[in-house]
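Trainee:
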Amino acid sequence: MKILLTGGAGYIGSHTYLALIEAGHIPVILDDFSNSSPKVLERLGRISGQPVLCEQGNVADLPWVQALIQRHAIEAVIHFAAFKAVGESVAQPLKYFDNNLVGMTRLLQAMDATDCRTLVFSSSATVYGDPASVPITEDFPRSHTNPYGHTKLVIEDMLSALQKSNPAWKVAVLRYFNPVGAHPSGLIGEDPLGIPNNLMPFVAQVAVGKRPVLNVFGNDYATPDGTGVRDYIHVQDLAAGHVAALQTLAAKGESFTVNLGTGQGYSVLDVVHAFEKASARKVPVQFAPRREGDVAQCYASTARALALLGWQAKLDLDAMCTDSWRWQSGNPDGYS
Ligand code: UFG
310 MKILLTGGAG
320 YIGSHTYLAL
330 IEAGHIPVIL
340 DDFSNSSPKV
350 LERLGRISGQ
360 PVLCEQGNVA
370 DLPWVQALIQ
380 RHAIEAVIHF
390 AAFKAVGESV
400 AQPLKYFDNN
410 LVGMTRLLQA
420 MDATDCRTLV
430 FSSSATVYGD
440 PASVPITEDF
450 PRSHTNPYGH
460 TKLVIEDMLS
470 ALQKSNPAWK
480 VAVLRYFNPV
490 GAHPSGLIGE
500 DPLGIPNNLM
510 PFVAQVAVGK
520 RPVLNVFGND
530 YATPDGTGVR
540 DYIHVQDLAA
550 GHVAALQTLA
560 AKGESFTVNL
570 GTGQGYSVLD
580 VVHAFEKASA
590 RKVPVQFAPR
600 REGDVAQCYA
610 STARALALLG
620 WQAKLDLDAM
630 CTDSWRWQSG
640 NPDGYS
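Its first residue numbered 310, the sequence shown is counted upward by one per residue in our numbering.
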């Protein structure tokens with residue numbers, strides 16, 4: 310299939326690009342490089358051994374996106390292009406409503422106008438808010454605690470209204486847990502701007518010597534070691550989940566919502582210890598107060614993903630840390 314990847318130069322988009330090529334699809338990247346580097350394109354070309362199709366522009370540019378879908382005869386879209394920093398969304402909510410909600414609306418209009426109504430959408434476990442229990446199944450109640458999470462929830466609702474209005478829409482909503490790791494080549498990986506918000510890139514930067522110490526946000530949670538527990542999933546597994554979702558949409562023709570996680574929870578200290586082992590470096594930590602909005606535990610039920618997509622995560626925490634370290638140590642300044 311010919312597939313448009315909005316935000317295809319970003320962290321998850323670039324890994325999914327390669328997984329799609331391996332599965333025999335033809336991906337076309339659309340990116341404005343507002344939170345990614347054009348240098349990733351050369352790396353993708355090197356790994357895949359094929360020229361990379363990329364269009365630079367914004368997903369909200371309706372006439373341009375419409376023309377692009379027609380020009381490339383796009384059959385399905387995977388929509389990654391969105392802002393995702395929780396703290397920034399609290400400080401600048403309009404930036405998030407504009408980019409995430411207006412961007413999604415314009416993309417859907419472009420798709421509708423061109424009769425291209427197959428979509429895979431990057432949602433997030435953030436839509437579960439503070440879950441009453443774990444593991445989390447897809448029918449848990451949804452809520453939001455920040456504007457970023459709110460945009461994911463609103464888009465899920467937009468998509469279900471759209472499917473009701475026209476059954477020709479085939480939509481896969483993928484709720485990611487905590488994507489980490491990097492491509493085994495070490496040539497592409499996560500390259501956050503400024504101080505990383507997320508645990509794994511922060512740990513990697515401490516290990517490589519860019520930052521002196523990791524602040525562990527809270528050690529008094531009701532978890533085995535008192536630190537927060539999350540479902541870290543290797544970005545390579547996540548990329549494979551997108552291919553499986555696309556193939557399921559094409560084969561069954563029915564919309565669905567599914568968790569993409571491993572079903573396994575690891576604490577902050579578990580991650581630190583695994584990273585120390587993978588990198589053979591010490592990661593100094595200090596305990597700090599809880600971060601506002603954090604939950605104690607969050608991990609997925611993976612039953613629906615297995616039953617519906619025939620997909621399950623294969624790579625463990627050691628592989629996530631080894632691949633993260635290969636990327637971080639080979640590219641201490643990311644793509645720059
Ligand atoms: N943590 C630290 N120190 C840090 C960074 C994180 O101790 O410097 C801890 C957090 O308190 C938490 C765990 O590491 O216990 C994971 O934190 P992340 O920021 O890596 O991930 P979150 O689970 O908070 O959030 C991620 C994404 C969100 C998404 C959410 C869905 O960043 O976009 O998962 O569950 F919404």
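Even glycine gets a Cβ: it sits at the ideal position worked out from N, Cα and C.
Does the distance from the CB of residue 607 to the CB of residue 395 come in under 8 Å?
Mentor: no
Trainee: Decide yes or no for the touch test of the stretch 473 to 484 against the stretch 558 to 571: beta carbon pairs closer than 8 Å, at least 3 of them.
Mentor: yes
Trainee: The beta strand (DSSP E) with residue 594 in it runs from where to where?
Mentor: Run containing residue 594: 594 to 597, per the beta strand (DSSP E) assignment.
Trainee: Would the C-beta of residue 526 count as close to ligand 1, meaning under 7 Å from any of its heavy atoms?
Mentor: Result yes, Cβ under 7 Å from ligand 1.
Trainee: Should residue 327 be listed as close to ligand 1, given that the test is whether its C-beta is under 7 Å from any heavy atom?
Mentor: no
Trainee: Can you tell which of 598, 471 and 576 has the C-alpha that lies nearest to the C-alpha of residue 416?
Mentor: 471
Trainee: Relative to the C-alpha of residue 451, which residue among 434, 467 and 457 is closest?
Mentor: Residue 434 is the option with its Cα nearest to residue 451.
Trainee: When the Cα atoms are used, what is the spatial distance from residue 322 to residue 605?
Mentor: Each residue's Cα considered, the two are about 29 Å apart.
Trainee: I'd like the list of long-range same chain contacts for residue 462, defined as Cβ closer than 7 Å, with 5 residues on each side in sequence excluded.
Mentor: 436, 451 and 453
Trainee: Could you check if residue 520 belongs to the surroundings of ligand 1, using beta carbon to heavy atom distance under 7 Å?
Mentor: Flag unset: Cβ of residue 520 not near ligand 1.
Trainee: Taking the alpha-carbon of residue 629 as reference, which of 532, 466, 384 and 487 has the nearest alpha-carbon?
Mentor: Ranked by Cα distance from residue 629, the options 532, 466, 384 and 487 are led by 487.
Trainee: Give a yes or no on whether the C-beta atoms belonging to residue 593 and residue 523 are separated by under 8 Å.
Mentor: yes
Trainee: Within this structure, are the beta carbons of residue 569 and residue 485 separated by less than 8 Å?
Mentor: yes
Trainee: Nearest to residue 425 by CA position, among 383, 449, 390 and 388, is which residue?
Mentor: 383
Trainee: In chain order, which continuous runs of the alpha helix (DSSP H) of length 4 or greater are located wholly inside the stretch 357 to 395?
Mentor: 371 to 380
Trainee: Should the stretch 498 to 515 be regarded as contacting the stretch 354 to 372, the criterion being three or more beta carbon pairs within less than 8 Å?
Mentor: no
Trainee: Checking the sheet assignment: what are the DSSP bridge partners for residue 336?
Mentor: 312
Trainee: So, with DSSP's three-state summary, where would you put residue 522?
Mentor: coil
Trainee: Please work out which residues of its chain come closer than 6 Å, Cβ to Cβ, to residue 328, disregarding the five sequence neighbours upstream and downstream, and give them in chain order.
Mentor: 548, 549 and 552
Trainee: Return the first residue and the last residue of the alpha helix (DSSP H) that residue 565 is part of.
Mentor: Premise fails: residue 565 lies in the beta strand (DSSP E), 565 to 569, not in any alpha helix (DSSP H).
Trainee: Work out the CA separation of residue 400 and residue 352 for me, nearest whole Å.
Mentor: Approximately 34 Å, taken between the alpha carbons.
Trainee: So which of 632, 398 and 380 has the shortest CA-CA distance to residue 506?
Mentor: 398
Trainee: Taking 7 Å as the cut-off, is the CB of residue 449 close to at least one heavy atom of ligand 1?
Mentor: No, Cβ of residue 449 sits at least 7 Å from all heavy atoms of ligand 1.
Trainee: Give the straight-line distance between the Cα atoms of residue 372 and residue 420, rounded to the nearest whole angstrom.
Mentor: 11 Å
Trainee: Tell me where the beta strand (DSSP E) around residue 542 begins and ends.
Mentor: Element bounds for residue 542: 541 to 543.
Trainee: For a test of your reading of the model: does the CB of residue 404 fall under 7 Å from any non-hydrogen atom of ligand 1? Yes or no.
Mentor: no
Trainee: For residue 601, which of 493, 526, 430 and 335 has the nearest alpha-carbon?
Mentor: Of 493, 526, 430 and 335, the residue nearest in Cα terms is 526.
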